[in-house]
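If you use mature numbering (1 follows the signal peptide of the UniProt record, and there is no 0), the sequence shown corresponds to residues -23 to -1, 1 to 309, in order.
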Amino acid sequence: MRTPRRTLLGALPLLAAPRLLQAQPAATGAWPNRPIRLIVPFQAGGATDVTARVIAEQIGTLLGQPVVIDNRAGAGGNLGADAVAKAEPDGHTLLMATIGTASINQYLYQKLPYDPQKDLAPIALVNEVANGVIVDARVPAQSLAELVALAKGDPGGMNYGTPGNGTSGHLCGELLKARAGIDLQHVPYRGTGAVIPELLAGRLQVAVDNLPAYLPHLASGALRLLAVTSKERWFTAPETPTVAEAGATLGLKGFEAVAWFGLQAPAKVPRPVIEAVAGATLRALGEASVQAKLREIGSAPRPMGPEDFGRFIASENAKWSEVVRISGARLE
């Protein structure tokens, strides 16, 4: 069951499992005895990277060792996820997991170097972010309906960029295409940081991507936000309709898809380590300063411990396997 977004996060320490919130490094012997490496499977500057940096310092303080960010971009996040899946399961290597690495990619790619259900263990869900359908301001479409009309008038002649194959932006774009009956050419990049310059330069017409990094360019008028992919209007752009609203007569009624980020570890990491990291993460997410920083980057905190996060991933697997089937998307 979906956790309400408006959960009173300030009450988190009272609501989360006491065992997790009380977990201390001492519960796992010598761990951690050196800095913890947090692998981010995308380039610096995107929502995955920024989320990791917001929580890393506080988690490191609580665990008694610094958490060091290691960006490993490529293959829709698969390179970074595979590095964690094959890392020594001693609790010193963690993954900033995404909706792609934990769920979508196993259905989208014909073959993965890792098994997200067997090789990675859930620790904690951190936050969620709406995707936006964003255009270069020079594109004449002022609404989602006008964009669909443009695309129908030029089948295959327009393109849309995402931060990579298997990202939520990619699958949102493919689902949008399938349901609206349009043909846009997908252009995958190695992270949001590579998409934005192409869009600003006019070499890319449309982006379907996590909203936060685009906000300054939307505010300046260089880019235009046509719709958001969340169920309800997103708090950073309350004047912008959802895809379901804007596309109600275009076959898009009920459209909903948000990106999310969480922590995972190699599957064989000892349970006390999982609980200690989860406890530190939940405590960090209970801090008003961390909540404020996550909202400043356009995301909504959504804390869950290992068991709830595991069930959440299972529900996402059911959803995204069907989306991949409907969209017809498939990658080597």
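We treat Cβ as the ideally placed atom computed from N, Cα and C, and that holds for glycine. Quick caveat: nothing in here was measured; it's all calculated off a predicted structure.
task: With a 10 Å radius around its C-beta and 16 neighbouring C-beta atoms as the bar for buried, classify residue 10 as buried or exposed.
output: Within the sequence shown, residue 10 is the residue found at index 33, counting from 1. With fewer than 16 other Cβ atoms within 10 Å, it is exposed.
query: Do residue 91 and residue 50 have their C-beta atoms within less than 8 Å of each other?
result: For the purposes of this step, residue 91 is taken as the residue at position 114 of the sequence shown. For the purposes of this step, residue 50 is taken as the residue at position 73 of the sequence shown. Taking 8 Å as the Cβ cut-off, residue 91 and residue 50 do not qualify as a contacting pair.
query: Which same chain residues, not among the five before or five after residue 61, have their C-beta less than 8 Å away from its C-beta?
result: Stepping through the sequence shown from its first residue, residue 61 is reached at position 84. Listed in chain order, the non-local C-beta contacts of residue 61 below 8 Å within the same chain comprise 16, 70, 71, 72, 97, 241, 242 and 243, local neighbours out to five positions each way being set aside.
task: Determine, using beta-carbon pairs with one atom in the region 77 to 85 and one in the region 36 to 48, whether at least three such pairs fall under 8 Å.
output: no
query: Can you tell which of 159, 101, 181 and 216 has its C-alpha closest to the C-alpha of residue 229?
result: Taking the first residue of the sequence shown as position 1, residue 229 is located at position 252. Among 159, 101, 181 and 216, the Cα nearest to that of residue 229 is on 159.
message: For residue 121, tell me which candidate among 107, 154 and 143 has the shortest Cα-Cα distance.
response: Counted from its first residue, the sequence shown places residue 121 at position 144. Closest by alpha carbon: 154.
Same chain only: Cβ atoms within 6 Å of residue 147, ignoring 5 sequence neighbours per side: For the purposes of this step, residue 147 is taken as residue 170 along the sequence shown, with counting starting at 1. These residues qualify, in order along the chain: 139.
query: For residue 219, which residues does DSSP report across the bridge?
result: Numbered from its first residue, the sequence shown carries residue 219 at position 242. Per DSSP, 205.
field: Sequence ranges, beta strand (DSSP E) only - wholly within the region 104 to 163, length at least 3
entry: Runs of the beta strand (DSSP E) spanning 3 or more residues and lying entirely within the region 104 to 163 occur at 135 to 139, in chain order.
field: Same chain, Cβ closer than 6 Å to residue 76, neighbours up to 5 away in sequence not counted
entry: Translated into the one-based positions of the sequence shown, residue 76 becomes position 99. Excluding residues within five positions, the ones whose Cβ falls inside 6 Å are 145, 236 and 237.
field: residue 200 and residue 110 closer than 8 Å at C-beta
entry: Locating residue 200 in the sequence shown gives position 223, where the first residue counts as 1. Locating residue 110 in the sequence shown gives position 133, where the first residue counts as 1. No, the Cβ-Cβ distance between residue 200 and residue 110 is not below 8 Å.
message: With distance defined between alpha-carbon atoms, name the residue in 187, 123, 267 and 87 nearest to residue 213.
response: Sequence index remark: in the sequence shown, residue 213 carries index 236 (1-based). Per the Cα distances, 187.
message: Between which two residues does the alpha helix (DSSP H) holding residue 246 run?
response: Taking the first residue of the sequence shown as position 1, residue 246 is located at position 269. Unbroken run through residue 246: none, as it is neither H nor E.
task: Might you give, ordered along the chain, the residues of its own chain that have their beta carbon closer than 7 Å to the beta carbon of residue 167, omitting 5 neighbours on each side?
output: The residue given as residue 167 occupies position 190 in the sequence shown. Answer for residue 167: 20, 50, 51 and 141, listed in chain order.
message: Please report the distance separating the alpha-carbon of residue 290 from that of residue 297.
response: Counting from one through the sequence shown, the residue named residue 290 turns up at place 313. Counting from one through the sequence shown, the residue named residue 297 turns up at place 320. Computed Cα separation, rounded: 10 Å.
field: Cβ neighbour criterion (16 or more within 10 Å) applied to residue 280
entry: Taking the first residue of the sequence shown as position 1, residue 280 is located at position 303. Classification of residue 280: buried, given that the 10 Å Cβ count is 16 or more.
field: Stretch pair the region 122 to 131 + the region 206 to 221: three plus CB contacts closer than 8 Å
entry: Note that the region 122 to 131 does not touch the region 206 to 221; fewer than 3 beta-carbon pairs, one per stretch, sit closer than 8 Å.
task: Look at the alpha carbon of residue 67 and the alpha carbon of residue 293, and state the distance between them as a whole number of angstroms.
output: Position 90 of the sequence shown, counted from the start, is the residue given in the question as residue 67. Position 316 of the sequence shown, counted from the start, is the residue given in the question as residue 293. Between residue 67 and residue 293, the C-alpha separation is close to 28 Å.
field: Residues that residue 75 bridges to, as DSSP identifies them
entry: Looking up residue 75 in the sequence shown gives position 98. Residue 75 pairs with 238.
- request: Please specify which runs of the alpha helix (DSSP H), each continuous and at least 4 residues long, are wholly inside the region 6 to 51, giving them in chain order.
  value: 24 to 40
Three-pair Cβ contact test at 8 Å for the region 260 to 271 versus the region 182 to 196: no
query: Are the beta-carbon atoms belonging to residue 89 and residue 257 less than 8 Å from one another?
result: The residue given as residue 89 occupies position 112 in the sequence shown. The residue given as residue 257 occupies position 280 in the sequence shown. No, the Cβ-Cβ distance between residue 89 and residue 257 is not below 8 Å.
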